[in-house]
Every structure is written in structure tokens, then in C-alpha cells.
Amino acid sequence: MISDIMNPNDLVKVDPVFGQNSFDNHEQIVFCNDKDTGLKAIIGIHNTVLGPALGGTRMWNYNSEWDALNDVLRLSRGMTFKSAITGLNLGGGKAVIIGDAKAQKTPELMKRFGEFVHSLSGKYITAEDVGMETADMDLVREVTPYVTGISESKGGAGNPSPITAYGVFMGMKAAAKHKYGSDVLEGKRVLVQGIGHVGESLVEHLTHEGANVIIADINEERLYEVSKKYDATIYTGNDIYSEDMDIYAPCALGATINDDTIYKIKADIIAGAANNQLAKEDKHGRLLQERGILYAPDFLINAGGIINVYAELENYGKQEIIRKTENIYNTTLEIFERAYGNGITTNDAALAIAKERIETRKQENSK
Ligand code: NAD
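So in our numbering, spot 251 of the sequence shown is number 435, and the numbers just go up one at a time.
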């Protein structure tokens, strides 16, 4: 009998993998370990109904393995809906590598990670995310073909971040159109939180449009660099969420819209690149709506990157990448109309369309 050999408390420790709040009937979760390179990674495959699970690899110094597991579960689920709503024939997957990208990322570790990706025979296809560079994907490419986001010189579509930023910019303009009746962002006070690969490129678009851009980052060096380049104002206060702004653009990590921040945010619009911005989709999506804050669903407007890497699999060129990315503007407007027309949150409206597409394909596949 189990009770003879196990402490009941140990059973609680077993449950949390499939019992995590972030677990959403994921198809497969792969734990990868390599003592020699120090690699500790988790690959999450959420859903492969529409195609192979494609999603980036994030390297982050997580506080605990549970945090890493929850992150990969949430991120891989988001990828399923991102590809579905964008009309791509891809499923949702994501990987996390536990560790400090600056101190612990080595070519050996990246190649070992690539071997784990390869062992899944194409069910999961990787790309770059936070803590990764195009050069890292080139290393992974040395051991597996199941990688996108590789250098243009090596036949890839290159760094997806500028296209992601362009899509976010399109989504933000659509939100402005819905909220203000005009999509012109000139003079709008936009706070960009996180000025990494995507954030900086977004700052560039906003600056060209004449927006009043404020930037925030935990990396001071980058703040000075980006501020100088685009004449953007550096945020210097001590409570970023209470800052007066028209548009809040989260471009760092997820869950910044949570129980602590939701009542402080005074922005008219939230539109940014970060994945999983709502800590609790239902609760925080609804509260934003009640507070009159228009939320552009992250997985809808940050799809430029996946459109870019999908080009490597489908062999379409830059023009088609731009066309698909600009279409984010139209889809975002449609989602807002559907949400406000049906009295549901914008996040739920976007999710519903994505889920309908997956369900239709599932039924077609089973015929
Ligand atoms: P990045 O690592 O290049 O940049 C992230 C930036 O955020 C860094 O400058 C970092 O210092 C900063 N940061 C981290 N924590 C912060 C905090 N608490 N406050 C302020 N700044 C903080 O990553 P990226 O590629 O620019 O991606 C940004 C976000 O967009 C991520 O959530 C990512 O998952 C998402 N995203 C990226 C892409 C893409 O194409 N790169 C595509 C879709 C979604």
C-alpha cells in the first residue's frame, strides 16, 4: 500500500507537475539535464493540433524550479493561441533553460540543449526568446534542423525582434484607433517597460511617430544607450505602475498586471510585447475592462516574431512577413469589436477565436 511506504506529504509533492495552476492539458513536458554542461531545461509542448509546437527558448535565473516549470507551462500555452489566432499552422511549445544567460550560457550548453530538441524529432521547434541571441540559434542548428530564428547568412530569417516590435506597434495603433478614434500616436505618453531586443525597436517606431516615450529597464547601461539614441526620457520614479501615461507597453517579463498593480495603472491602453502580461487572465482581464483600460491581448499583437520565423519553414519572403504583421492591426480591431459587442474581455475574445480554429482542425483531423 502506498501509505506504508510514503509520507502523505510526499504525495503533495508529486501532484504539482500536472496539478499546477498553469497546467492546461499540455501534451508533453520534457525535463532535460546534462551534468557536464550544467544544462537544466524544460521543454513544454502544449498542443500540436495545428502543427509542430514552435516557440522560443528562454534562459532565466529562476528563483525555483517551480517558477521555471510554471513559466514554460504558461508560455507554451500562449504560443498555441498565438499561432492559432495568427492563422499559422503551428502548435504551441516553449523551452526554458534555468540559469543566468550572461554567466552560464556556453556553446556546449546550447548544443546539448539542441540535442534534446532533436530527440523530439520535430514535434517541438525552437527559436529565440529572452536571454537568447540569433548566434545561439545558429549553434543549436549545428545539431538539429528543428530550430528557427537563425542568421540570414545561414539561410534563416534573422532576428525576429524588430518584426515583433512592428506588430506590437500595429496592435498599439489599433488600440489607439478604438480608444481615441485615431491611430496617430503623436504626443501620446507611452511608457515602454523593458528596452531589450523588442523594446528598443518599439521605441524607435514610437519616436518616429512623435510619441512622448518614457523608458524603464533594470539594466542602467541600456537605459542610457537607448535614451541617447532616441532622445527618450528615462523613468526615474519608484512606482512605475502609478506613473501618468496614456499607454503602458510591457516589454520585459510577464504577469506585470497583477493584484498589486491593477488598481494603480492609470493608462488608457495596455499594449506591449511581453508574453502573459495578465497574472490571472480572467480576473485581471475583467478588472482592466471594468476600469476602462483597453487591453490589446499580448499573444495577438506580439505575433510578429512567430510570423518571421514561420517564414523559414514555409519559405515566404520579407514582403509576406510584413503583410502578415501589418494584418495584426485589423485582427486587433476585430477582437475589440467582438469583445465590446459581446460584453466579454478582449483576452477572452481573442482566445475564443483561437480555440475555434483549433477545434475545427481537430474535427477535420479526426475525419
Ligand atoms: P530581451 O531579453 O532582449 O529584453 C528584455 C529587457 O527587459 C531587458 O533589457 C531586461 O533588462 C529588461 N527587464 C527585465 N526585467 C525587468 C523589469 N523588472 N523591469 C524593467 N525591465 C526589465 O527580451 P526581448 O526579446 O526584447 O523580449 C521582451 C518580451 O517580449 C519577453 O516577454 C518576450 O517573451 C516577449 N516576446 C519577444 C519576442 C521576440 O521576438 N523577441 C516575440 C514575442 C514575445
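Note that beta-carbon positions come from the ideal geometry of N, C-alpha and C, so glycine has one too.
Item to check | beta-carbon Ile-379 near the ligand NAD non-hydrogen atom, thresh 7 angstroms | outcome: In the sequence shown, the residue the question calls residue 379 occupies position 195. Yes, the Cβ of Ile-379 comes within 7 angstroms of a heavy atom of the ligand NAD.
Next on the checklist: Measuring straight from C-alpha to C-alpha, what distance separates Arg-325 and Asn-549?
Outcome noted: Numbered from its first residue, the sequence shown carries residue 325 at position 141. Numbered from its first residue, the sequence shown carries residue 549 at position 365. Spanning the two alpha carbons is a distance of roughly 31 angstroms.
Checklist entry - Tell me, which residues are paired with Val-376 by DSSP? => result As a first step, residue 376 must be located in the sequence shown, where it is residue number 192. DSSP output for Val-376 lists Ile-399 and Ala-433 as bridge partner(s).
Item to check | Start and end residues, alpha helix (DSSP H) containing Thr-241 | outcome: Walking along the sequence shown from the start, residue 241 turns up at place 57. Taken as a continuous stretch (DSSP letters only), Thr-241 belongs to no alpha helix (DSSP H), being part of the beta strand (DSSP E) at 241-244.
Checklist entry - DSSP three-state call for His-230: helix, strand or coil? => result Residue 230 sits at position 46 when you count from the first residue of the sequence shown. In this structure, His-230 counts as strand in the three-state DSSP scheme.
Item to check | Pro-192 burial status per 10 Å Cβ neighbour count (16 or more: buried) | outcome: Position 8 of the sequence shown, counting from 1, holds the residue named residue 192. Residue placement at Pro-192 is poorly supported in this model, since its pLDDT is 48, which falls under 50; the coordinates are not used for a value here.
Next on the checklist: I'd like the list of long-range same chain contacts for Ala-268, defined as Cβ closer than 7 angstroms, with 5 residues on each side in sequence excluded.
Outcome noted: Position 84 of the sequence shown, counting from 1, holds the residue named residue 268. So the list reads Leu-234, Ala-538, Arg-541 and Ile-542, once near-sequence residues are dropped.
Checklist entry - Should Leu-535 go down as buried or exposed, given a rule of 16 or more other Cβ atoms within 10 Å for buried? => result Translated into positions along the sequence shown, residue 535 becomes position 351. Buried: at least 16 other Cβ atoms inside 10 Å.
Checklist entry - Pick from Gly-378, Thr-515 and Lys-357: whose alpha carbon is nearest that of Ala-395? => result Along the sequence shown, read from residue 1 onward, the residue named residue 395 stands at position 211. Nearest C-alpha to Ala-395: Lys-357.
Checklist entry - In chain order, which beta strand (DSSP E) runs of at least 3 residues are fully inside the segment 293-350? => result none
Checklist entry - Lys-286 to Gly-315, Cα distance in whole Å? => result The count along the sequence shown starts at 1 and reaches residue 286 at position 102. The count along the sequence shown starts at 1 and reaches residue 315 at position 131. Each residue's Cα considered, the two are about 8 angstroms apart.
Checklist entry - Can you name, in chain order, every residue of its own chain whose Cβ lies under 6 angstroms from the Cβ of Val-382, other than the five neighbours on each side? => result Stepping through the sequence shown from its first residue, residue 382 is reached at position 198. So the list reads Ser-345, Thr-348, Ala-349, Cys-435 and Ala-457, once near-sequence residues are dropped.
Checklist entry - Quick one: what's got a C-beta closer than 7 angstroms to Asp-218's C-beta in the same chain, skipping five residues either side? => result On the sequence shown, residue 218 is found 34 positions in, with the first residue counted as 1. Excluding positions up to five away in sequence, the list reads Arg-296.
Item to check | Exposure of Lys-372, with buried meaning 16 or more beta-carbon neighbours within 10 Å | outcome: Translated into positions along the sequence shown, residue 372 becomes position 188. Per the 10 Å Cβ criterion, buried.
Item to check | Proximity test, Ala-596 beta-carbon vs the ligand NAD heavy atom, cut-off 7 angstroms | outcome: In this structure the chain extends from 185 to 551, so residue 596 is not present and cannot be described.
Next on the checklist: With DSSP as the reference, identify every bridge partner of Gly-217, one or two as the case may be.
Outcome noted: As a first step, residue 217 is located in the sequence shown; it is residue number 33 there, counting from the start. A small fix is needed here, since residue 217 is Asn in this sequence, not Gly. BP columns for Asn-217 point to Lys-224.
Next on the checklist: For the ligand NAD, is there any heavy atom lying closer than 7 angstroms to the beta carbon of Leu-390?
Outcome noted: The residue given as residue 390 occupies position 206 in the sequence shown. Checking the Cβ of Leu-390 against the ligand NAD gives no.
Next on the checklist: Bridge partners for Gly-277 per DSSP, in chain order?
Outcome noted: What you label residue 277 is simply residue 93 of the sequence shown in a count that begins at 1. Answer by DSSP bridge pairing, in chain order: Ile-229.
Checklist entry - When the Cα atoms are used, what is the spatial distance from Ala-533 to Lys-224? => result As a position in the sequence shown, residue 533 is number 349, starting the count at 1. As a position in the sequence shown, residue 224 is number 40, starting the count at 1. Those two C-alpha atoms are separated by around 36 angstroms.
Checklist entry - Which first and last residues belong to the alpha helix (DSSP H) in which Lys-266 is found? => result As a position in the sequence shown, residue 266 is number 82, starting the count at 1. Here the alpha helix (DSSP H) through Lys-266 covers 249-270.
Checklist entry - Leaving out the 5 sequence neighbours to the left and right, which residues in its chain are closer than 7 angstroms to Glu-558 when beta-carbon positions are compared? => result The question about residue 558 has no answer, for the chain in this structure spans 185 to 551.
Checklist entry - Sorry if obvious, but does the Cβ on Gly-228 come closer than 7 angstroms to a heavy atom of the ligand NAD? => result Here residue 228 refers to the residue found at position 44 when the sequence shown is read from its first residue. Outside the cutoff, so no.
Item to check | Length of the line joining the Cα atoms of Leu-390 and Ile-399 | outcome: Taking the sequence shown and counting its residues from 1, one reaches residue 390 at position 206. Taking the sequence shown and counting its residues from 1, one reaches residue 399 at position 215. Their Cα atoms are separated by approximately 12 angstroms.
Next on the checklist: Considering only their Cβ atoms, is the gap separating Tyr-513 from Met-354 smaller than 8 angstroms?
Outcome noted: Here residue 354 refers to the residue found at position 170 of the sequence shown. Here residue 513 refers to the residue found at position 329 of the sequence shown. Yes, the Cβ-Cβ distance between Met-354 and Tyr-513 is below 8 angstroms.
Checklist entry - By a C-beta neighbour count over all protein chains shown, 10 Å radius and 16 as the cutoff for buried, is His-392 buried or exposed? => result As a working note, residue 392 is residue 208 in the sequence shown. The residue in question, His-392, is exposed, as its Cβ has fewer than 16 Cβ neighbours within 10 Å.
Checklist entry - Mind checking whether the beta-carbon of Val-201 lies closer than 7 angstroms to any heavy atom of the ligand NAD? => result As a working mapping, residue 201 is identified with position 17 in the sequence shown. Flag unset: Cβ of Val-201 not near the ligand NAD.
Checklist entry - Where Gln-377 and Lys-551 are concerned, what is the direct C-alpha to C-alpha distance, given to the nearest angstrom? => result Taking the sequence shown and counting its residues from 1, the one referred to as residue 377 is at position 193. Taking the sequence shown and counting its residues from 1, the one referred to as residue 551 is at position 367. For Gln-377 and Lys-551, the distance between alpha carbons rounds to 47 angstroms.
Item to check | Residue(s) in a DSSP beta bridge with Leu-238 | outcome: Here residue 238 is taken as the residue at index 54 of the sequence shown, counted from 1. Note: Leu-238 sits in a beta bridge opposite Gly-276 and Ile-309.
Next on the checklist: Please tell me whether, using a cut-off of 7 angstroms, the distance from the CB of Leu-293 to the nearest non-hydrogen atom of the ligand NAD is below it.
Outcome noted: The residue given as residue 293 occupies position 109 in the sequence shown. Leu-293: no, Cβ never under 7 angstroms from the ligand NAD.
Item to check | Limits of the unbroken alpha helix (DSSP H) element including Asp-532 | outcome: As a working mapping, residue 532 is identified with position 348 in the sequence shown. First-last of the alpha helix (DSSP H) with Asp-532: 530-549.
Checklist entry - Does the Cβ of Tyr-447 have 16 or more other Cβ atoms within 10 Å, making it buried, or fewer, making it exposed? => result Within the sequence shown, the letter at position 263 stands for residue 447. With fewer than 16 other Cβ atoms within 10 Å, it is exposed.
Next on the checklist: Using 8 angstroms for Cβ pairs, my map puts Ile-485 next to Leu-272. What's the rounded Cβ distance?
Outcome noted: On the sequence shown, residue 485 is found 301 positions in, with the first residue counted as 1. On the sequence shown, residue 272 is found 88 positions in, with the first residue counted as 1. With a Cβ gap of about 15 angstroms, Ile-485 and Leu-272 do not count as contacting.
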